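Residue numbers (our numbering): 8 to 151.
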């Protein structure tokens, strides 16, 4: 047999099940009245409070998010307390950059004004992927 595979290794060893984002963060809190989940939708960008500016702390306040809904329409969903962006290591930096948060040099090259100067957005991804390789051998290995 010859094979190559890439797979996640996020295992909860207490229960011996895969500990994915839904099992770890969504399911325990899914019945909360202050949590809304939009399926088959795409977050385009964060909308900032009118007149948002930053000082040396890079503090800006989100008022809502712009979303493309499952039916293709674009709308704005308001936030009463906070906006949590949790789109993973690959999508979150892009959302932040489209929302004017990031490296001003990169943003300005793409016609985006930098509202908050955070040059490390989208930098230094260190993925911990696991790979396995299987192959036929010509010798028998003890214990295999």
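C-beta: ideal position from N, C-alpha, C; glycine also.
On a predicted model such as this, the values are computed, not experimentally measured, just so you know.
Residues bridged to residue 75 (per DSSP) | 49, 81
Rounded separation between residue 129 and residue 44 - CA only | 25 angstroms
Between the C-alpha atoms of residue 51 and residue 108, what's the straight-line distance to the nearest angstrom?
-> 13 angstroms
Look up residue 123 in the DSSP assignment and say whether it is helix, strand or coil.
-> strand
With DSSP collapsed to three states, give me the class of residue 109.
-> strand
Whole-Å CB distance - residue 74 paired with residue 84, under 8 angstroms assumed = 6 angstroms
Is residue 3 helix, strand or coil when you go by DSSP?
-> With the chain running from 8 to 151 in the structure shown, residue 3 is simply not present.
Run the CB neighbour count on residue 18, radius 10 Å, all protein chains shown included, and call it buried at 16 or more, exposed below.
-> exposed
Determine the contact status of residue 86 and residue 70, defining contact as a CB-CB distance below 8 angstroms.
-> yes
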